[in-house]
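What follows is a single structure, written as structure tokens, with notes after it.
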Ligand SMILES: Nc1ncnc2c1ncn2[C@@H]1O[C@H](COP(=O)(O)OP(=O)(O)OP(=O)(O)O)[C@@H](O)[C@H]1O
Ligand SMILES: [Mg+2]
């Protein structure tokens with residue numbers, strides 16, 4: 001399979017503070033990559049940089065997506081190339097209903113003008129999978145949603161917008177056991193429907209990996225990838241924590 | 001185009017006297033000074049028109065009101081048909097607060113609506129009152145009288161509109177009476193062109209257990225001023241005022257909204273939202289009065305302002321005159337802010353351009369108020385396209 005995303009020597013700062021220090025990563029079409037790492041190690045800085053958050057400044061390095069250098073592309077241009085970020089902390093937009101939000105997003109992304117009826121049918125199917133009550137369709141997006149409801153809403157958007165590269169920043173945080181299963185199954189379903197889609201999944205918990213099988217696992221440490229491996233690396237982290245990696249790094253230096 | 005409302009018919013003697021007195025008083029009355037809050041933000045001289053050609057508003061597509069219990073007439077026809085009622089009530093809600101401009105109206109009005117909703121009303125359809133200005137350069141003094149009998153429930157949509165190029169000025173005075181337990185859902189839509197100076201005095205009087213939903217949707221005008229006061233005269237009466245201002249270019253808006261708790265156990269709520277583009281300007285005054293004998297009242301106020309450009313300017317002025325200690329609840333909140341960068345980023349990550357994201361956020365901001373307009377009607381379509389046009393411009 002061909003290269004979808006290639007990142008070379010990525011340095012990123014926010015508010016004049018460098019957070020990512022020369023990160024390298026490449027993801028092929030159809031692959032699932034998992035990112036783990038301590039709080040504050042730079043995972044969300046990375047996901048937001050990928051999505052083009054204007055506050056994160058690329059000091060050095062390159063992000064190449066589908067053969068295009070996207071360093072200077074705006075978030076919406078990246079979305080139009082097929083990128084999607086499921087937020088760690090989804091934002092509410094008062095007055096904008098879920099159904100309008102998703103419908104308009106499909107329209108701006110794909111120029112699609114599917115009939116309101118077909119759209120609703122598709123939306124309800126996906127809501128069924130995530131066991132989201134239909135009443136959420138006419139609620140204002142993320143306004144007053146519980147933590148878990150917000151996370152499921154992100155997955156719903158993913159399955160409606162059909163991106164070819166999905167970044168999920170802690171889709172499993174704050175979910176109860178049943179919700180976790182629903183979210184994982186929705187991701188798997190989506191992946192089955194679109195096998196060429198690549199996924200970058202940020203998580204703190206090995207548990208979601210009981211459902212979703214990664215090709216690679218990366219560990220973030222102080223704004224860089226300290227180690228990469230297969231699914232077994234996640235299990236090891238679960239057992240041993242992050243300290244040993246830090247020590248291993250020091251001994252390499 | 002629109003068809004004129006009934007031509008001026010001969011007026012009863014008492015009305016002629018009233019007008020004469022008003023005219024004399026108008027001539028000696030000075031323009032209000034700018035010290036009081038009512039006129040701090042707008043020069044009243046703007047509304048003292050130099051134009052002397054007085055015109056009647058036209059009705060466009062006005063519905064036929066042959067239904068039982070719904071009487072909608074030209075104001076003069078109403079005065080003649082219900083002379084006893086009108087001799088007693090007409091003008092009785094007009095106070096001295098905005099005297100120069102109410103006298104101007106009283107002495108010159110030539111058109112407007114008389115609305116009388118009776119107990120035997122059957123249809124639940126909203127009643128539409130359209131006031132259209134078609135003369136390029138005239139003065140439109142308009143007088144409305146709305147009377148809702150005890151226990152009746154009705155929805156009225158008052159729409160003031162004109163083409164874009166019209167330079168005329170308008171001065172509207174509307175009196176609203178709600179009987180015991182009457183319920184009125186009232187919408188005032190300012191959809192005039194951006195060259196018109198728009199002045200509205202609205203007075204509402206609520207009897208016991210009456211409920212008023214009073215909604216202002218202010219989109220049009222060069223300078224638009226609304227001076228509204230709702231008096232909660234009967235116990236357990238309730239008023240909910242909501243409003244939106246959507247200003248662009250050089251538009252100026254000045255809304256002075258007063259809620260006056262005269263009786264005990266009355267409830268009021270205010271939700272006023274202002275969004276300003278370009279160098280638009282808004283002053284919003286929320287004036288809350290609770291009389292010394294009005295016990296156990298509940299009053300909440302919220303004013304939100306969204307500034308969409310560096311040149312847009314909004315002021316929010318709370319005026320609290322609470323003369324009793326026995327208040328159940330009284331709260332007041334103001335927010336003033338620019339677009340939220342994180343919201344824009346969230347929308348852009350879903351494919352919206354920055355312009356489109358801005359539009360989605362503003363539409364969301366005004367949505368809860370827009371929802372009050374009856375859906376799938378001619379009016380709701382017109383409001384939506386006017387908003388669209390304002391948001392897409394510039
Ligand atoms: N505006 C800012 N100014 C300075 N430092 C910042 C700013 N925003 C983020 N940081 C810092 O950048 C570091 C990385 O934060 P980031 O959100 O990427 O961590 P994370 O790995 O996603 O953590 P978590 O697992 O808690 O979500 C943190 O130390 C954080 O405090
Ligand atoms: Mg994070």
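Protein chains in written order, with the working numbering: chain U, 1 to 253; chain H, 1 to 394. For each residue, glycine too, the CB sits at the ideal point set by N, CA and C. Every value quoted in this text rests on a predicted model; they were computed, and no experiment measured them.
Any non-hydrogen atom of ligand 1 within 6 Å of residue 61 of chain U CB: Every heavy atom of ligand 1 is 6 Å or more from the Cβ of residue 61 of chain U, so no.
Given residue 50 of chain H as reference, the closest of H:361, H:168, H:310 and H:133 once Cα atoms are compared: From the listed residues H:361, H:168, H:310 and H:133, the smallest Cα separation to residue 50 of chain H is found for H:168.
Within-7 Å CB hit, residue 201 of chain U to chain H: It does not: the Cβ of residue 201 of chain U has no partner Cβ on chain H nearer than 7 Å.
Distance cut-off 6 Å: residue 257 of chain H Cβ against heavy atoms of ligand 1: Because no heavy atom of ligand 1 lies under 6 Å away, the Cβ of residue 257 of chain H does not count as near it: no.
Residue environment, residue 173 of chain H, which counts as buried when at least 16 other CB atoms sit within 10 Å: With 16 or more neighbouring CB atoms inside 10 Å of its own CB, residue 173 of chain H falls in the buried class.
Own chain partners of residue 119 of chain H with C-beta closer than 8 Å, once the 5 adjacent residues on each side are dropped: Answer for residue 119 of chain H: 69, 149, 150, 151 and 152, listed in chain order.
C-alpha distance - residue 377 of chain H paired with residue 391 of chain H, whole-angstrom precision: Rounded to whole angstroms, residue 377 of chain H to residue 391 of chain H spans 21 Å at the Cα level.
Residue 301 of chain H CB to nearest heavy atom of ligand 2 below 6 Å: Because no heavy atom of ligand 2 lies under 6 Å away, the Cβ of residue 301 of chain H does not count as near it: no.
Distance, residue 194 of chain U Cα to residue 234 of chain U Cα: The alpha-carbon atoms of residue 234 of chain U and residue 194 of chain U are separated by roughly 25 Å.
Beta-carbon contacts of residue 208 of chain U that lie in its chain and below 6 Å, excluding the five residues immediately before and after: Hits under 6 Å: 172 and 184.
Length-filtered (4 minimum) alpha helix (DSSP H) runs lying within the segment 160–198 of chain U: Counting only runs of 4 or more, we get 177–193.
Residue 187 of chain H versus residue 269 of chain H - alpha carbon distance: Cα-Cα distance, rounded: 16 Å.
For residue 115 of chain H and residue 71 of chain H, the rounded distance between their alpha carbons: In a straight line, the C-alpha of residue 71 of chain H is about 6 Å away from that of residue 115 of chain H.
Element boundaries [alpha helix (DSSP H), containing residue 239 of chain U]: DSSP places residue 239 of chain U inside the alpha helix (DSSP H), whose first and last residues are 231–240.
Close Cβ partners of residue 99 of chain U (< 6 Å) along its chain, the five nearest in sequence each way excluded: Close CB contacts of residue 99 of chain U within its chain, under the 6 Å cut and outside five residues either way in sequence, are with 137 (chain order).
Residue 38 of chain H versus residue 254 of chain H - alpha carbon distance: Roughly 9 Å between the two C-alpha positions.
Which residues DSSP lists as bridging residue 214 of chain U, in chain order: DSSP output for residue 214 of chain U lists no bridge partner at all.
Residue 43 of chain U CB to nearest heavy atom of ligand 1 below 6 Å: In this structure, residue 43 of chain U has its CB closer than 6 Å to one or more heavy atoms of ligand 1.
Coil, strand or helix - residue 68 of chain H by DSSP: Here residue 68 of chain H sits in coil by DSSP.
Residue 361 of chain H: contacting residues in chain U (beta-carbon distance under 7 Å): Residues of chain U with a Cβ closer than 7 Å to the Cβ of residue 361 of chain H are, in chain order, 93.
Closer than 7 Å at the beta carbon, the chain H residues around residue 194 of chain U: Within chain H, no residue comes near residue 194 of chain U; the closest Cβ sits about 17 Å away, beyond 7 Å.
Residues that residue 356 of chain H contacts on chain U, provided the C-beta gap is smaller than 7 Å: Within 7 Å Cβ-Cβ: 108.
Beta-carbon gap between residue 197 of chain H and residue 220 of chain H smaller than 7 Å: For residue 197 of chain H and residue 220 of chain H, no; Cβs fall outside 7 Å.
Residue-chain proximity (residue 75 of chain U, chain H), Cβ-Cβ < 7 Å: Yes, because at least one Cβ of chain H sits closer than 7 Å to the Cβ of residue 75 of chain U.
Where residue 61 of chain H falls: helix, strand or coil (DSSP): Bear in mind that the predicted position of residue 61 of chain H carries a pLDDT of just 47, short of 50, making it unreliable; the figure below should be weighed with that in mind. In the three-state scheme derived from DSSP, where H, G and I count as helix and E and B as strand, residue 61 of chain H is classed as coil.
Residue 206 of chain U beta carbon near ligand 3 (any heavy atom closer than 6 Å): The model depicted lacks ligand 3 and carries ligand 1 and ligand 2 instead.
CA nearest to the CA of residue 169 of chain U, picked from U:213, U:120, U:74 and U:199: Taking the Cα of residue 169 of chain U as reference, the smallest distance to any Cα among U:213, U:120, U:74 and U:199 is reached at U:199.
Check: residue 211 of chain H C-beta below 6 Å from any heavy atom of ligand 2: No, ligand 2 has no heavy atom inside 6 Å of this Cβ.
Residues near residue 394 of chain H in its chain [Cβ-Cβ closer than 8 Å; skip 5 each side]: Contacts found: 248, 249, 277 and 278.
Whole beta strand (DSSP E) elements within the segment 134–217 of chain H, 3-residue minimum: Complete beta strand (DSSP E) runs here, min 3: 139–148, 153–162, 169–178, 183–191 and 197–206.
Beta carbon proximity, residue 33 of chain U to chain H, threshold 7 Å: Not closer than 7 Å to any Cβ of chain H, the Cβ of residue 33 of chain U fails to qualify, so no.
Span of the alpha helix (DSSP H), counted from its first residue to its last, around residue 381 of chain H: The continuous alpha helix (DSSP H) containing residue 381 of chain H extends over residues 378–392.
Nearest candidate by alpha-carbon position, reference residue 267 of chain H, set H:213, H:245, H:256 and H:123: Ranking H:213, H:245, H:256 and H:123 by Cα distance to residue 267 of chain H puts H:213 first.
For residue 247 of chain H, the three-state DSSP class (helix, strand or coil): Residue state, collapsed to three classes: strand.
Within-7 Å CB hit, residue 336 of chain H to chain U: With its beta carbon at least 7 Å from every one in chain U, residue 336 of chain H lies outside the interface.
Three-state class that DSSP yields for residue 122 of chain H in the structure shown: It is coil, neither helix nor strand.
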